[in-house]
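One structure is given below, encoded as structure tokens.
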Amino acid sequence: MIEINGLCRSYNNTEVLKNVTLSFEPGTLTAVLGRNGSGKSTLARHINAILLPQRGYVRVDRLDTSDDSLVYDIRERVGMVFQNPESQAAASIVEDDTAFAPENLGLDTDEIIKRVDTALRDAGIEHLRKKPISALSGGQKQLTAVAGILAMRPGYMIFDEGTSMLDPESRKRVMDCVIRLKNELGIGIIWITHYMEEAIAADRVIIIDRGAIKADGTPEDVFSDTELIADSGLELPPSARLCMRLIKEGFDIPLALTAEDCAKEIHQLAQRLTEEKR
Amino acid sequence: MLRDITIGRYVPGNSALHRLDPRTKLLGALVYSAAVLSCSSFISMSAAGAAAAAAALISKIPVSYIIKGLKPLRWFILFTVIINLFCIDGKILWHLGAVHITYEGVSAAALLALRFIFFVLGTSLLTLTTPPIALTDGLARLLRPLKAVKLPADDIAMIISITLRFIPSFADEAERIMKAQKARGADFGSGSMISRVRSIMPVTIPLFISVFRRADELSLAMDARCYGKGVRNPRKKFFFGRTDAYFSLIMIIFCGFLAIIEFFN
Ligand SMILES: Nc1ncnc2c1ncn2[C@@H]1O[C@H](COP(=O)(O)OP(=O)(O)OP(=O)(O)O)[C@@H](O)[C@H]1O
Ligand SMILES: [Mg+2]
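Protein chains in written order, with my numbering: chain A, 101 to 378; chain B, 32 to 296.
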């Protein structure tokens, strides 16, 4: 479990994180939403000990990030995938890059080879293992970054806007991979984004604004508080906005978050209405 | 044009040169550079040229690709050649008023240009045939004795290899920005020297911003993957094999040969 308690951080007298208390469980996908500059990346970087708390504490599986001797244990447990596919590769060939973290950990050569194989398989890019990274698409580069993290066998993975520079198709491929990692390997995923569409697949949604936690719950619960969403500078996905309008107009329809659900609900509503007329 | 720069780029392959231990290649490139810088006659310089050509052929990297890598350097080479051409005194070959070209000037300029070209070729061949991470690990191993005097050998190795790697990124980025500026009407290719320099300024600033940002992102990504935890254990073992032995032998013979030529000159 990741426990964050009373975490504060300021830069030049501006508070970027204000007394944040949160916890993350393994095997769940938590989406962290917030507008630009709300403090998402700052929060994330505290979790893998890139930044240290100015006040409060962060503990990963009971290991305190402020303890110097634990930094690498913590980074091994909490992997992080960054936004830019172009600047994360440490090596030039896919499998060499996957080996980078286990090599840094000083593992035995046999263990490194084993980990590279499983990581490439789990990320679904075995067929690319000999390819130069510069020849890959953006989505494939991000999956390479995922494999590079998986080779550490982490309990948690943080994606700091890991799909925001990808086209919709690659975005979906990375998202599918992440959901599979959660279900099959039980990895706790922290998915940072400012696209609400991406939060629909999450088990839990957290909204952060101006360095404070504004909401924390299931996607359905959090998204139905439209005032709070607008207040935090976010925008509901189009299907949800359509449902909200219908609800406001007095129609009896639940809040559907995906286009499919929305279509289904509207279809049922239409059927009910025609039946009532008869 | 900038995109053609070959120093710092890696071309995957399986040639004898690719398979050499990175330490052998690092030392080889170092020795070769030192040799080229100390060559002072055309005979020894042509021997150095032949060695570079042989290495290029063995690497199986297209010769046109390697030659193209020199193109971005042509203005620099021309500049140094011109300075040498007009500034060295000696037997006068041609003169116009106060300006004169001497026999010594021509030969010094030609030697300097060749020296520079072979130096770049040698360094390019090292990075073209060695994956960056192997370069870093090899360098770290070579520098390990420095740890005895408390120098951060691993960090020095990482800095050198990242510098090499960022040369092509820098070039690509410069080209990308220049294209973007051209699309907005900037003109880099014409006008007086001053207006050309002025037109470069709007490229330089975004270039530095973007390269610093990328360096920052890369270092974060490396931190996140436990870089710096301790002694790395490279997956591909370094192995000083028969090819390395032959290569070293050839290098020694080459240096001896150059020394003899230099001695009799
Ligand atoms: N090193 C720093 N020095 C000064 N201010 C900083 C630093 N890092 C972040 N900030 C400030 O902290 C605030 C939060 O930044 P952060 O990067 O955490 O936001 P974010 O939610 O990740 O935004 P984005 O969606 O743009 O990635 C911003 O106002 C930013 O300007
Ligand atoms: Mg951010």
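The beta-carbon is built from N, C-alpha and C at its ideal position, and this holds for glycine as well.
Distance cut-off 7 Å: residue i Cβ against heavy atoms of ligand 3
i: residue 261 of chain A; result: As far as ligands go, the structure on display features ligand 1 and ligand 2 and does not contain ligand 3.
Chain B contact residues for residue i, given Cβ-Cβ distances below 7 Å
i: residue 283 of chain A; result: The contacting residues do not exist; residue 283 of chain A stays about 24 Å from chain B at best.
i: residue 148 of chain A; result: 255
i: residue 232 of chain A; result: 43
8 Å Cβ cutoff, residue i in contact with chain A
i: residue 206 of chain B; result: no
i: residue 264 of chain B; result: yes
i: residue 164 of chain B; result: yes
i: residue 43 of chain B; result: yes
i: residue 251 of chain B; result: yes
i: residue 245 of chain B; result: yes
Nearest residue (CA-CA) to residue i, options the options
i: residue 261 of chain A; options: A:352, A:202, A:133 and A:173; result: A:133
i: residue 312 of chain A; options: A:326, A:298 and A:332; result: A:332
i: residue 408 of chain A; options: A:130, A:346, A:200 and A:365; result: For chain A, the structure presents residues 101 to 378; residue 408 of chain A sits outside this window and is missing.
i: residue 124 of chain A; options: A:216, A:241, A:291 and A:185; result: A:291
i: residue 145 of chain B; options: B:66, B:187, B:255 and B:262; result: B:66
i: residue 167 of chain A; options: A:206, A:239 and A:149; result: A:149
i: residue 302 of chain A; options: A:371, A:360 and A:320; result: A:320
i: residue 267 of chain A; options: A:316, A:184 and A:318; result: A:184
i: residue 63 of chain B; options: B:198, B:48, B:286 and B:295; result: B:286
i: residue 213 of chain B; options: B:234, B:226 and B:59; result: B:234
i: residue 179 of chain A; options: A:348, A:306, A:329 and A:102; result: A:102
i: residue 161 of chain A; options: A:212, A:217, A:209 and A:104; result: A:104
i: residue 337 of chain A; options: A:229, A:127, A:360 and A:212; result: A:360
i: residue 262 of chain B; options: B:84, B:175 and B:126; result: B:175
i: residue 229 of chain A; options: A:349, A:151, A:192 and A:258; result: A:192
i: residue 140 of chain B; options: B:112, B:185, B:46 and B:276; result: B:112
i: residue 270 of chain B; options: B:292, B:225, B:155 and B:168; result: B:168
i: residue 104 of chain B; options: B:152, B:122, B:70 and B:77; result: B:152
i: residue 40 of chain B; options: B:256, B:101, B:159 and B:84; result: B:159
Contact set between residue i and chain A, taken where Cβ atoms lie within less than 9 Å
i: residue 248 of chain B; result: 182, 183, 184, 186, 187 and 188
i: residue 261 of chain B; result: 172, 204, 205 and 206
8 Å Cβ cut-off: residues of chain B touching residue i
i: residue 252 of chain A; result: 256 and 257
i: residue 209 of chain A; result: 264, 266 and 268
Residue i classed as buried or exposed, judged by whether at least 16 other C-beta atoms fall within 10 angstroms
i: residue 190 of chain B; result: exposed
i: residue 362 of chain A; result: buried
i: residue 269 of chain A; result: exposed
i: residue 375 of chain A; result: exposed
i: residue 284 of chain A; result: exposed
i: residue 233 of chain A; result: buried
i: residue 323 of chain A; result: buried
i: residue 253 of chain B; result: buried
i: residue 368 of chain A; result: exposed
i: residue 194 of chain B; result: exposed
i: residue 110 of chain A; result: exposed
i: residue 209 of chain B; result: buried
i: residue 241 of chain A; result: buried
Beta carbon proximity, residue i to chain B, threshold 8 Å
i: residue 123 of chain A; result: no
i: residue 196 of chain A; result: yes
i: residue 193 of chain A; result: yes
i: residue 248 of chain A; result: yes
i: residue 200 of chain A; result: yes
i: residue 213 of chain A; result: yes
i: residue 137 of chain A; result: no
Proximal chain B residues relative to residue i, where beta-carbon distance stays under 9 Å
i: residue 175 of chain A; result: 254, 255, 256, 257 and 260
i: residue 179 of chain A; result: 255 and 256
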